[in-house]
Ligand code: ADE
C-alpha cells in the first residue's frame, strides 16, 4: 500500500498520540509504505518545486520519498503543478464555494470537516481538491486507493494512525470490498473501530476510539457506490468538465510554472483540445514543450500547438484515437447504432468500465454520442465531426 502524506507548511494543529494498535499494523510498515509530499512530487525539478518542498513527512524514512506510478495521486510530475489553496484552484466554482463554506465553518467550530464524496470523470482534480482541503484545514492528507485496501488490516492501519482532523483520501472508492466498507461505517459515523478479536465461540467485538477525521472519497462511478456508504458522506459533489476560459487560465498557469513562453492564442488552442480536463491540458502542454524544444522555438504559438497536437493525433475538438475508433466502429460497423456497451467494448478490445467512465463522458458532453435504453448512438454532430476529420486527414493519416 502506498501512502502519500501531504505536508503543510503551517504548523500542525494536532499532535500525534500513541497508536492504539501495535507497530505491526502501522500503515507505514505495511506494503511499500511510502510517504511523499504530493505538492513537490518525487524528483520533480520544475520551477514550481521550491527548495525543501520534497520532504518526507516527519518520521518517515528518508528513502520513502517516491511514489508508485499507480498511486492515487498519479505520477509525481503532475503534483508540482497542482494548486495548493482554494484561491489558486481555477474553475469548479460551485464546488469551491460549497467546500469553502464548509471548511470555514468547520474551522470556526474546531471540528473535523464532514466526509466528502467527489465524483466525476477522471483528471478533473478530485485528488487535488482533497489536498487543497487538507491544506486549508492545516492538516495532513493521507492518500490511498480502494484496490490497495484489500486486507482489513490495510484500512485499520490507516484509520488508527490518523491524527485529529486529518484527511484520508480514498480514490476509486467504489472499488472498496465489503469488509473494508463495513470497517468504515462506524469509523465514519462515530469515529469508532469495531474489531473482532478471536474466532468461533470465543470471538468478541472490541471498540477502539478513533481521532475525528475527514474521509474524502473519489469515484468516477458514483452510481456504483453502495447506498450505506454513500449515505455516510455529508458533502457529495460532482466535478464537471472545465469551461474553455478556465482551461485557458490553467494552461497559462502551468506554462508559468514550467517557465514557458506561451502565446494567448496557443493557450486557447490547447484549452480547446484537452477534453475539458486539466490533467490532459497539462500533459499536452508537455508534449508541445517537447516539440518547441526540439524545433528551437523560444515562444509557443497556436500554430506550434496545432502541429504538436496533430502529431499526437489529437484533433480540433480534442478527440484522440480511442474516441475516433469508438465513433468509427459505431458508424462503420453498426450504421451509427444503437449498440450495447458490451458489444462496443468487445469490438474495441476495451474494458466496458473504462469505455463508460473514461472514453464516453467527453463524447456525451460534446453531444457526439447518446446513451439510449437500446444502446449507444452517434449523433448528427458526431457524424459531421468524423466526416470533417476524414476530409482533413493527410495521406499519412495522422488524424485517422
Ligand atoms: N492545475 C490542474 N488543475 C488545476 C486547477 N483546477 N486550477 C489550477 N491549476 C490546476
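In this note's numbering, the protein residues as written are 305 to 704. Backbone N, C-alpha and C define an ideal beta-carbon position, used for all residues, glycine too.
Can you say whether residue i is buried or exposed, counting buried as having 16 or more other CB atoms within 10 angstroms of its CB?
i	result
residue 552	buried
residue 560	exposed
residue 487	buried
residue 637	exposed
residue 430	buried
residue 697	exposed
residue 401	exposed
residue 460	buried
residue 375	With a pLDDT of only 34 at residue 375, under 50, the local geometry of the prediction cannot be trusted, and the value read off the model is given with reservation. So residue 375 counts as buried.
residue 432	buried
residue 535	exposed
residue 384	buried
residue 348	Here residue 348 scores only 28 on pLDDT, less than 50, and its place in the model is too uncertain to base an answer on.
residue 677	exposed
residue 427	buried
residue 563	exposed
Taking the alpha-carbon positions, what's the residue i to residue j distance?
i	j	result
residue 669	residue 572	19 Å
residue 648	residue 633	8 Å
residue 514	residue 533	18 Å
residue 444	residue 391	19 Å
residue 580	residue 666	8 Å
residue 656	residue 424	17 Å
residue 490	residue 446	19 Å
residue 482	residue 623	37 Å
residue 687	residue 549	27 Å
residue 546	residue 691	26 Å
residue 410	residue 627	43 Å
residue 537	residue 597	47 Å
residue 556	residue 587	13 Å
residue 594	residue 382	16 Å
residue 517	residue 658	32 Å
residue 396	residue 619	25 Å
residue 485	residue 494	14 Å
residue 663	residue 509	45 Å
residue 613	residue 674	27 Å
residue 506	residue 477	33 Å
residue 695	residue 661	30 Å
residue 404	residue 448	24 Å
residue 455	residue 474	15 Å
residue 611	residue 604	11 Å
residue 693	residue 492	50 Å
Which residues bound the beta strand (DSSP E) around residue i?
i	result
residue 478	Run containing residue 478: none; DSSP gives neither H nor E here.
residue 421	420–423
residue 621	No beta strand (DSSP E) contains residue 621, which DSSP labels as neither H nor E.
residue 611	Note, residue 611: premise wrong, no beta strand (DSSP E); alpha helix (DSSP H) at 606–615.
residue 673	673–676
Report yes if the CB atom of residue i is closer than 8 Å to the CB atom of residue j, and no otherwise.
i	j	result
residue 522	residue 554	no
residue 520	residue 437	yes
residue 406	residue 543	no
residue 641	residue 679	yes
residue 472	residue 450	no
residue 512	residue 497	yes
residue 389	residue 439	yes
residue 301	residue 617	An answer regarding residue 301 cannot be provided, because it is not within the stretch 305 to 704 covered by the chain.
At what residues does the alpha helix (DSSP H) containing residue i begin and finish?
i	result
residue 655	First-last for residue 655: undefined, no H or E at that position.
residue 679	It is not in any alpha helix (DSSP H) - residue 679 instead sits in the beta strand (DSSP E) that spans 679–682.
residue 626	625–632
residue 576	568–576
residue 597	582–599
residue 665	664–670
Could you tell me which uninterrupted beta strand (DSSP E) segments, each at least 3 residues in length, are contained entirely in the region 481–563, listed from first to last along the chain?
Segments of the beta strand (DSSP E) lying fully in the region 481–563: 496–501, 508–513, 518–523, 539–542.
Unbroken stretches of the beta strand (DSSP E), 3 residues or longer, contained in the region 402–469
DSSP runs (the beta strand (DSSP E)) wholly in the region 402–469: 420–423, 445–449.
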